[in-house]
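In our numbering, the protein residues as written are 569 to 632.
To keep things clear, I will list the structure first and then write my remarks on it.
Put into structure tokens, the structure is as follows:
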């Protein structure tokens, strides 16, 4: 799992960015995908560093 470093609102959802080694990667999630993962879009936009991403599951998990 990788820590998110930023998030940005788009017309169709939210783009999230994370560090993997010395690369910064990003992925766009639609509002529907966020709802299915039970992710609060406003919280993700306001506090992206509280989230982690795992690409195997395309799923966010709250950082504890």
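Note that beta-carbon positions come from the ideal geometry of N, C-alpha and C, so glycine has one too.
So, for residue i: in the same chain, excluding its five sequence neighbours on each side, which residues have a beta-carbon less than 7 Å away from its beta-carbon?
i: residue 574; result: 585, 616
i: residue 577; result: 613
i: residue 599; result: 581, 609
Let me check one thing: in DSSP terms, what residues is residue i bridge-paired to?
i: residue 636; result: The chain is shown only over 569 to 632; residue 636 falls outside these bounds and no answer can be derived.
i: residue 607; result: Partner(s): none; residue 607 has no beta bridge.
i: residue 584; result: 575, 595
On the three-state DSSP scale, how would you describe residue i?
i: residue 594; result: strand
Can you check whether the CB of residue j is closer than 8 Å to the CB of residue i?
i: residue 581; j: residue 602; result: yes
i: residue 620; j: residue 572; result: yes
Please return the same chain residues whose Cβ sits closer than 6 Å to the Cβ of residue i, not counting the five positions on each side in sequence.
i: residue 622; result: 569
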